[in-house]
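Enquirer: Taken in order, these protein sequences are the chains called Y and A. Quick note: the first sequence, position 253, residue 253 per full-length UniProt numbering, numbers continuous. Quick note: the second sequence, position 70, residue 70 per full-length UniProt numbering, numbers continuous. Backbone N, C-alpha and C fix where the C-beta goes; we use that ideal spot for every residue, glycine too. Keep in mind the model is a prediction, meaning the values are calculated, not measured. First, the structure itself, so that you have it in front of you.
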Amino acid sequence: RDGMDGGDRARARQHVFLLPEYFKDASKKMKSGLMFVKLVNPCSGEGTIYLFNMCLQQLFEIKVFKEKHHSWFINQSVQSGGLLHFATPIDPLFLLLHYLRKADKEGKFQPLDQVVVDDMFPNCILLLKLPELEKLLQHVTEEKNPEIDKKKYYKYSKEKTIKWLEKKVNQIVAALKTNNVNVSARVQATAFFSGDQASSDKEEDYICYAHGLVSDYIPRELSDDLCKYLKLPEPSASLPNPPSKKVKLSDEPVEAKEDYTKFNRKDWKTEKLDLLTGYFLVAAQRQRRDK
Amino acid sequence: MESSDEAAVEKCRIHLRPGTLRDAPPATLHLLPCEVLVSRPAPVGRFFTPAIRQGPDGLEVSFRGRKLRGEEVVVPPGLVGYVMEEKGEGLVGKGFSEGSSNDNEQEQLELVEPPEALERDFDRFIGATASFSGFTLWGLETIPGPDAKVRGALTWPSLAAAIHAQVPED
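What follows is the structure, given as structure tokens:
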């Protein structure tokens, strides 16, 4: 069967993934509990595929690397597209924040199971199963603990959230320095000097860059507030961009071609993730038809 | 209005079978600098692999008459590479159907009644068919340099860790 009859069906699509090593050990103990689910993207508000590990009680985001003109040879097969999927842990607080901000429009304290409700993405109830939620929520909410029942009541706090985000930014800045990520416009030039390019970057470049990274997980409005709070230069004209295009922010100080931020934005975008979603959708429908 | 099909997919969970992560045999992967439009079996071991040579600066091979240069790229520490396929689509070769032993059968049994199947009808299953700890990265004429985008992508996990680690409390 080599396609001469025109009935050659491409083999099942192969997805190339990088997963945390410890999944393997955890898998010894679990029979199930690893699943891909569609949840809200806290930046765009659109649906995005996440990986939920019930055994480790951890949420992972899926990023897909895709560059034009690539394909895989996998053993004795060819897989077009050359996609490389990464599953990396995501702070669930970003997703919870989406619901807390939404619920805040009602302006009152509410128990969490009334906050995290979503007709579009019913799998959001999985978020309530994550460990140490109460501790996490302290970063972004005010809480009340009335005597009447055992539930805690929460209300979004913008002040606390901004402070929490500032800590995130500081944490990212430290990592950027450790990893020697080029954050300035001098990327091309520094490629010629093997020396200490990191130390030649300005602190503000790092903060801008980190702000850009964290902005991928929060809505535009909050990103702008954080920008002001950090006293960063105004982002380029804040047009009412559609959510998926909002990420112009930290492109501003960086024009170098090989800049990581741009790479990060252009090649990792949500529409790329939808390739996976789209595939799953088609596969699910086909499967049902076949039954 | 959303079709009921789409609504179902929103609820859909795609389960990754943990056992397959444990048993996935090692695979050889090459990332080519060109688009091959169809995904299908290919005699890589007949035409491509035997033609790979160790050149003065890296590996050399040719594909469709073009010269490729490449080198081994290692999966970042703490991660393992997997090739995953969805079950039940006429898998060629080592799919799940041919999987070894009772372990597989046990899992099959278990799948009939997964403990948390809320939307059982629409739940789907995916599993690893192979694993890898590195792959060969190929460039046209030259080895993809240190600023190749794939290399940038491979630094993502360490950056992601910093973005998503819990912050210290006040």
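(1) What residues of chain A sit near ALA103(Y), judged by a beta carbon separation below 7 Å?
(2) Quick check on this structure: which residue in ARG22(A), LEU29(A), CYS12(A), GLU141(A) has the alpha carbon closest to the alpha carbon of GLY45(A)?
(3) Are TYR229(Y) and GLU166(Y) closer than 9 Å when you measure CB to CB?
(4) Do LEU137(A) and GLY78(A) come within 9 Å of each other at the CB atom, strictly closer than that value?
(5) Which residue comes first and which comes last in the alpha helix (DSSP H) that contains GLU221(Y)?
(6) Give the single residue among ALA165(A), ALA160(A), ARG13(A) whose Cα lies nearest to the Cα of GLU86(A).
(7) Note down the Cα distance separating ALA27(A) from ARG40(A), rounded to an integer number of angstroms.
(8) Which residues in chain A sit within 7 Å of GLN79(Y), going by Cβ to Cβ distance?
(9) So that I know if they touch, is there some Cβ in chain A lying closer than 9 Å to that of LYS231(Y)?
(10) Whole angstroms are fine: how far does the CA of LEU100(Y) sit from the CA of SER131(A)?
(11) Around the C-beta of THR161(Y), are 16 or more other C-beta atoms found within 10 angstroms, so that it is buried, or is it exposed?
(12) Under 8 Å Cβ-Cβ, which residues of chain A neighbour GLY82(Y)?
(13) Under 9 Å Cβ-Cβ, which residues of chain A neighbour HIS70(Y)?
(14) Buried or exposed for GLN171(Y), going by 16 or more other Cβ atoms inside 10 Å?
(15) State the beta-bridge partners of TRP156(A) as determined by DSSP.
(16) Give me the DSSP bridge partner(s) of MET84(A).
(17) Does the beta-carbon of PHE65(Y) have 16 or more other beta-carbons within 10 angstroms, so that it is buried, or is it exposed?
(18) With the cut-off set at 9 Å, would you say TYR217(Y) and CYS55(Y) are in Cβ contact?
(19) Can you give me the start and stop residues for the alpha helix (DSSP H) that PHE47(A) sits inside?
(20) Please look up how many angstroms separate the CB atoms of PRO157(A) and THR88(Y), rounded, as I've assumed it's under 8 Å.
(21) Would you say ARG13(Y) lies against chain A (beta-carbon separation less than 9 Å)?
(22) For my contact list, LYS67(A) and GLU141(A) are in at a C-beta cut-off of 8 Å; report their separation, rounded to the angstrom.
(23) Quick test of your reading: LYS28(Y) and ARG22(A), contact by CB under 8 Å. State the CB separation rounded to the nearest angstrom.
(24) Could you pull the start and end residues of the alpha helix (DSSP H) that LYS155(Y) belongs to?
(25) Please list the partners that LYS24(Y) has in chain A, where partner means a Cβ-to-Cβ separation under 8 Å.
(26) Taking the Cβ atom as the reference point for each residue, do GLY81(A) and PHE125(A) lie within a distance shorter than 9 Å?
(27) Give the residues of chain Y in contact with GLU85(A), contact being defined as C-beta atoms less than 9 Å apart.
(28) How far does the beta strand (DSSP E) with PHE65(Y) in it reach, from first residue to last?
(29) Using a Cβ-Cβ distance cut-off of 9 Å, determine whether VAL74(A) contacts chain Y.
(30) Using a Cβ-Cβ cutoff of less than 8 Å, which residues in the same chain neighbour ALA148(A) once the five nearest sequence positions on both sides are dropped?
(31) Measuring straight from C-alpha to C-alpha, what distance separates VAL83(A) and LEU126(Y)?
(32) Buried or exposed, going by whether 16 or more other CB atoms sit within 10 Å of the CB of GLN79(Y)?
(33) DSSP three-state call for HIS70(Y): helix, strand or coil?
(34) Can you tell me whether SER62(A) is buried or exposed? The criterion is at least 16 other CB atoms within 10 Å of its CB, across all chains shown.
(35) Taking 9 Å as the CB-CB limit, is SER32(Y) close to chain A?
(36) LYS202(Y): which of SER157(Y), VAL181(Y), VAL16(Y) sits nearest, CA to CA?
Expert: Quick look at the numbers:
(1) Counted from its first residue, the first sequence places residue 103(Y) at position 103. Under the 7 Å cutoff, chain A gives no residues; its nearest Cβ is about 21 Å from ALA103(Y).
(2) Along the second sequence, read from residue 1 onward, the residue named residue 45(A) stands at position 45. It is LEU29(A).
(3) In the first sequence, residue 229(Y) corresponds to position 229, counting from 1. In the first sequence, residue 166(Y) corresponds to position 166, counting from 1. Going by C-beta atoms, TYR229(Y) is nearer than 9 Å to GLU166(Y).
(4) Position 78 of the second sequence, counting from 1, holds the residue named residue 78(A). Position 137 of the second sequence, counting from 1, holds the residue named residue 137(A). In this structure, LEU137(A) does not lie closer than 9 Å to GLY78(A) by Cβ.
(5) Locating residue 221(Y) in the first sequence gives position 221, counting from the first residue. From DSSP, the alpha helix (DSSP H) with GLU221(Y) extends over 220-229.
(6) Within the second sequence, numbered from 1, the residue matching residue 86(A) stands at position 86. The shortest Cα separation from GLU86(A) among ALA165(A), ALA160(A), ARG13(A) belongs to ARG13(A).
(7) Here residue 27(A) refers to the residue found at position 27 of the second sequence. Here residue 40(A) refers to the residue found at position 40 of the second sequence. Taken atom to atom, the span from the alpha-carbon of ALA27(A) to that of ARG40(A) is near 16 Å.
(8) Here residue 79(Y) is taken as the residue at index 79 of the first sequence, counted from 1. Residues of chain A passing the Cβ test: SER39.
(9) The residue you call residue 231(Y) lines up with position 231 of the first sequence. Chain A contact via Cβ: absent.
(10) The count along the second sequence starts at 1 and reaches residue 131(A) at position 131. The count along the first sequence starts at 1 and reaches residue 100(Y) at position 100. The straight-line gap from Cα to Cα measures roughly 40 Å.
(11) For this step, residue 161(Y) is matched to residue 161 along the first sequence. So THR161(Y) ends up on the buried side.
(12) The sequence position of residue 82(Y) within the first sequence is 82, counting from 1. Result: LEU31, LEU32, GLU35.
(13) For the purposes of this step, residue 70(Y) is identified with residue 70 of the first sequence, where counting begins at 1. Within 9 Å Cβ-Cβ: LEU31, LEU32, PRO33, CYS34, GLU35, VAL150.
(14) Within the first sequence, the letter at position 171 stands for residue 171(Y). Burial call: buried.
(15) Mapped onto the second sequence, residue 156(A) falls at position 156. Beta-bridge pairing links TRP156(A) to no other residue.
(16) The residue labelled residue 84(A) in the question sits at position 84 within the second sequence. MET84(A) is bridged to HIS15(Y), ALA128(A).
(17) As a position in the first sequence, residue 65(Y) is number 65, starting the count at 1. Buried.
(18) Taking the first residue of the first sequence as 1, we reach residue 217(Y) at position 217. Taking the first residue of the first sequence as 1, we reach residue 55(Y) at position 55. Contact: no.
(19) Reading the second sequence from its first residue, position 47 is the one you call residue 47(A). Note, PHE47(A): alpha helix (DSSP H), 44-47.
(20) The residue labelled residue 157(A) in the question sits at position 157 within the second sequence. The residue labelled residue 88(Y) in the question sits at position 88 within the first sequence. Yes, PRO157(A) and THR88(Y) are in contact; Cβ-Cβ is about 5 Å, under 8 Å.
(21) Taking the first sequence and counting its residues from 1, the one referred to as residue 13(Y) is at position 13. Residue contact with chain A for ARG13(Y): present (Cβ-Cβ distance below 9 Å to some residue of chain A).
(22) Within the second sequence, residue 67(A) is the residue found at index 67, counting from 1. Within the second sequence, residue 141(A) is the residue found at index 141, counting from 1. 6 Å between Cβ atoms; contact.
(23) Mapped onto the first sequence, residue 28(Y) falls at position 28. Mapped onto the second sequence, residue 22(A) falls at position 22. Confirmed, about 7 Å.
(24) For the purposes of this step, residue 155(Y) is identified with residue 155 of the first sequence, where counting begins at 1. Per DSSP, LYS155(Y) belongs to no alpha helix (DSSP H); it is in the beta strand (DSSP E), 153-156.
(25) As a position in the first sequence, residue 24(Y) is number 24, starting the count at 1. Residues of chain A passing the Cβ test: LEU21, ARG22, VAL80.
(26) In the second sequence, counting from the first residue as 1, residue 81(A) sits at position 81. In the second sequence, counting from the first residue as 1, residue 125(A) sits at position 125. Taking 9 Å as the Cβ cut-off, GLY81(A) and PHE125(A) do not qualify as a contacting pair.
(27) Stepping through the second sequence from its first residue, residue 85(A) is reached at position 85. In chain order: ARG11, ALA12, ARG13, GLN14, HIS15.
(28) As a working note, residue 65(Y) is residue 65 in the first sequence. Unbroken beta strand (DSSP E) run through PHE65(Y): 58-65.
(29) Within the second sequence, residue 74(A) is the residue found at index 74, counting from 1. It does not: the Cβ of VAL74(A) has no partner Cβ on chain Y nearer than 9 Å.
(30) Translated into the one-based positions of the second sequence, residue 148(A) becomes position 148. If you ignore the 5 residues before and after ALA148(A), its C-beta comes within less than 8 Å of the C-beta of LEU137, GLY139, all in its own chain and listed in chain order.
(31) The residue labelled residue 83(A) in the question sits at position 83 within the second sequence. The residue labelled residue 126(Y) in the question sits at position 126 within the first sequence. Going by the C-alpha atoms only, they are around 26 Å apart.
(32) Stepping through the first sequence from its first residue, residue 79(Y) is reached at position 79. Classification of GLN79(Y): buried, given that the 10 Å Cβ count is 16 or more.
(33) As a first step, residue 70(Y) must be located in the first sequence, where it is residue number 70. Looking at HIS70(Y) - three-state DSSP - the assignment turns out to be coil, as it is neither helix nor strand.
(34) Here residue 62(A) is taken as the residue at index 62 of the second sequence, counted from 1. With fewer than 16 Cβ atoms within 10 Å of its Cβ, SER62(A) is classed as exposed.
(35) Position 32 of the first sequence, counting from 1, holds the residue named residue 32(Y). At least one chain A Cβ lies under 9 Å of SER32(Y).
(36) For the purposes of this step, residue 202(Y) is identified with residue 202 of the first sequence, where counting begins at 1. The shortest Cα separation from LYS202(Y) among SER157(Y), VAL181(Y), VAL16(Y) belongs to VAL181(Y).
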